[in-house]
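For the protein sequence lines, the chains are A and B, in the order given. Anchor point for the first sequence: position 126 equals 125 in numbering that gives the first Met the number 0, and the numbering is continuous, going up by one each time. Anchor point for the second sequence: position 46 equals 45 in numbering that gives the first Met the number 0, and the numbering is continuous, going up by one each time. This report refers to the structure that appears directly beneath it.
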Amino acid sequence: MAKADVLQLVSDLSAGLADQTAASAFYNDVVYEMGLGRSVSLTGAAFVQATKSAGQYSFPVTAVRPLLLFYDETSMHPSDTKEAEAYDKEWRATLGEPRVWLVEHETNRVFTVLPVPRRSGAAVGATTPFGAALPEANFLVVYTENRADVHAFEELIVALQVLGREFDRESDHTDHTAAQYCTMLVGLLGAMLATKK
Amino acid sequence: MLNRLIDQCQRVLNCNQRLVLKTVDFTTTARCVLYQSSLIAPDIARVEMVRHNVRNLFDVPWESLVHQDRLWLKARGQRADYFSRIGNDILVIAPALAMPITVQVVYTAVTPAPTGVPADVLIPDENVPMLRDMIEAVALLRSRKFAEAENPVTRIKSMLTSMGYESIEGTSGQG
Chain A
0 MAKADVLQLV
10 SDLSAGLADQ
20 TAASAFYNDV
30 VYEMGLGRSV
40 SLTGAAFVQA
50 TKSAGQYSFP
60 VTAVRPLLLF
70 YDETSMHPSD
80 TKEAEAYDKE
90 WRATLGEPRV
100 WLVEHETNRV
110 FTVLPVPRRS
120 GAAVGATTPF
130 GAALPEANFL
140 VVYTENRADV
150 HAFEELIVAL
160 QVLGREFDRE
170 SDHTDHTAAQ
180 YCTMLVGLLG
190 AMLATKK
Chain B
0 MLNRLIDQCQ
10 RVLNCNQRLV
20 LKTVDFTTTA
30 RCVLYQSSLI
40 APDIARVEMV
50 RHNVRNLFDV
60 PWESLVHQDR
70 LWLKARGQRA
80 DYFSRIGNDI
90 LVIAPALAMP
100 ITVQVVYTAV
110 TPAPTGVPAD
120 VLIPDENVPM
130 LRDMIEAVAL
140 LRSRKFAEAE
150 NPVTRIKSML
160 TSMGYESIEG
170 TSGQG
């Protein structure tokens, strides 16, 4: 289990000083922030069932940042409200084959498509997009993922990031010099991993 | 503790230098282009190449897929032409085919954890000094001997600079 390994590494490198509860919270933060970064590592994909006349849909629970969005296997473009208005003043009600998606001004973790689907998609059920035929007329989202375990080769860098935050936190073992050193190591080792992308 | 550091540093160095490569046969699914890397092989760090028979498929960045063909997800073809990695978890092999084919996937493998035997360190001898510097730099964090860490850190920076990094200091961890 990568998270357990990382937390053990944090404990080892801090000589047992790190607070495991805080380290666990920092770990979760770091993994989430990895999903927001421009370097894509943890990724997932899932179907979102399309419903006739429904324009708003929720991203999968574990999605952090959408990378690709398809409707019925056709790539959709991200856009903004201004462009949607220019396209059609009644864009929230216009039915058709969705071609554009927007998140601007939408509730958190929701995307809006336009035109709004004119038909409901085939049942998705437990089907995943991997190694299976795609159910007709549904959305497929590919995204950076927030999950419990990072890849084995990322454990050290995540541990150093956690440790940097732990040393920066006000506590009986606060050590800003160590925190800076961790940040420097993260930069070095992160650069090494970045070259493999 | 030392084994753990060797293990972790070896993984990073191996990913960077692509030292431990493996090849695995993988049978695609008809009319499907998306595959989970972990199902192709559990120890995949990065897919380097996909071959079909003697033909190497083109390596296309995932951001470019849509520029090549907006309908790439549903495009059908007579043979697989290209592959793409979306992060480290998703592999695209496209266009989709009507029948499954077997391709060879060449990948950088995650190195196994050393057990204390020298043979467990799979990194070639010429890369061992770099590995040693990495281990030393991380280990000195534990003892907080930051001044002594200057030498290994400087050597790591030199290596990265020689690889084309203009500013190591400004490089963020995951990005």
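Even glycine gets a Cβ: it sits at the ideal position worked out from N, Cα and C. Quick caveat, the model's predicted, so the values are computed rather than measured.
Setting aside the 5 residues that flank it on each side, residue 147 of chain B is surrounded in the same chain by 139, each with a C-beta closer than 8 Å to its C-beta; the list follows chain order. At a cut-off of 8 Å, the C-beta of residue 82 of chain B has no neighbouring C-beta in chain A. Pairwise C-beta distances place the stretch 92-105 of chain A out of contact with the stretch 37-45 of chain A, as fewer than three of them are shorter than 8 Å. Excluding its 5 nearest sequence neighbours in each direction, residue 112 of chain B has C-beta neighbours in its own chain below 6 Å: 6, listed in chain order.
Taking residue 92 of chain A as the centre and dropping the five residues before and after it, the same chain places no C-beta closer than 6 Å to its C-beta.
Its chain contains 108 as the residues whose beta carbon lies nearer than 6 Å to that of residue 58 of chain A, once the 5 sequence neighbours on both sides are disregarded; these appear in chain order. Rounded to the nearest angstrom, the gap between the Cα atoms of residue 124 of chain A and residue 18 of chain B is 42 Å. Between residue 128 of chain A and residue 90 of chain B, the C-beta gap is not smaller than 8 Å, which leaves the two residues out of contact. Per DSSP, the continuous beta strand (DSSP E) segment holding residue 104 of chain B begins and ends at 101-108.
Neighbours of residue 109 of chain B across chain A, judged by C-beta separation under 9 Å: 150, 151, 152.
DSSP, read as helix, strand or coil, puts residue 156 of chain B in helix. Where residue 61 of chain B is concerned, the enclosing alpha helix (DSSP H) starts and stops at 61-67. The beta carbon of residue 82 of chain A does not come within 8 Å of any beta carbon belonging to chain B, so the residue lies off that interface. About 7 Å separates the CB atoms of residue 12 of chain A and residue 158 of chain A; that is less than 8 Å, so the two are in contact. Taking C-beta separations shorter than 8 Å and ignoring five residues to either side along the sequence, the partners of residue 105 of chain B in its chain run 20, 21, 22, 46, 47, 48, 49, 50, following chain order. Among the residues of the stretch 121-146 of chain A, those with a Cβ less than 9 Å away from any Cβ of chain B are 127, 128, 129, 130, 131, 132, 133, 139, 141, 143, 144, in the order of the chain. Contact annotation for residue 10 of chain A against chain B: no contact, minimum CB-CB distance about 10 Å [criterion: below 7 Å]. Beyond the five residues adjoining it in sequence on each side, residue 130 of chain B comes within less than 8 Å, by CB distance, of 5, 8, 9, 12, 120, 122 in the same chain, given in chain order.
Secondary structure of residue 182 of chain A (DSSP, three-state): helix. A/130 is the residue among A/154, A/130, A/153 whose C-alpha sits nearest the C-alpha of residue 39 of chain B. Contact of residue 31 of chain A with chain B is not assigned, every C-beta pair being separated by 8 Å or more.
Between the stretch 150-168 of chain A and the stretch 179-193 of chain A there are three or more inter-stretch CB-CB distances shorter than 8 Å, so the stretches are counted as touching.
C-alpha of residue 71 of chain B to C-alpha of residue 146 of chain A: approximately 28 Å in a straight line. When C-beta atoms of the stretch 165-181 of chain A are compared with those of the stretch 65-74 of chain A, fewer than three pairs fall below 8 Å, so the two segments do not count as touching. Beta-bridge partners of residue 21 of chain B (DSSP): B/106. A distance below 7 Å between beta-carbons, with the five flanking residues on each side excluded, links residue 2 of chain A to the following residues of its chain, in chain order: 26, 147, 148. Taking C-beta separations shorter than 6 Å and ignoring five residues to either side along the sequence, the partners of residue 55 of chain A in its chain run 109, 111, following chain order.
Annotation: residue 110 of chain A has no Cβ neighbours in chain B at a cutoff of 8 Å; minimum Cβ distance is about 17 Å.
In this structure, DSSP gives residue 120 of chain B a state outside helix and strand, which the three-state scheme calls coil. Taking 3 residues as the minimum length, the beta strand (DSSP E) runs contained wholly in the stretch 27-72 of chain A are 42-47, 55-57, 62-70, in order along the chain. Annotation: residue 32 of chain B is outside any beta strand (DSSP E) and is labelled neither H nor E by DSSP. Taking every protein chain shown into account, the CB of residue 60 of chain B has fewer than 16 other CB atoms within 10 angstroms, so this residue is exposed. Contact fails between the stretch 45-52 of chain A and the stretch 75-82 of chain A, because fewer than three Cβ pairs, one in each stretch, are under 8 Å apart.
Residue 101 of chain A: member of the beta strand (DSSP E) spanning 99-101, first to last residue. The three-state reading of DSSP puts residue 0 of chain B in coil, since its state is none of H, G, I, E or B. Of all residues in the stretch 32-63 of chain A, only 32, 33, 36, 37, 38, 39, 40, 41, 42, 43, 44 place a beta-carbon less than 8 Å from a beta-carbon of chain B.
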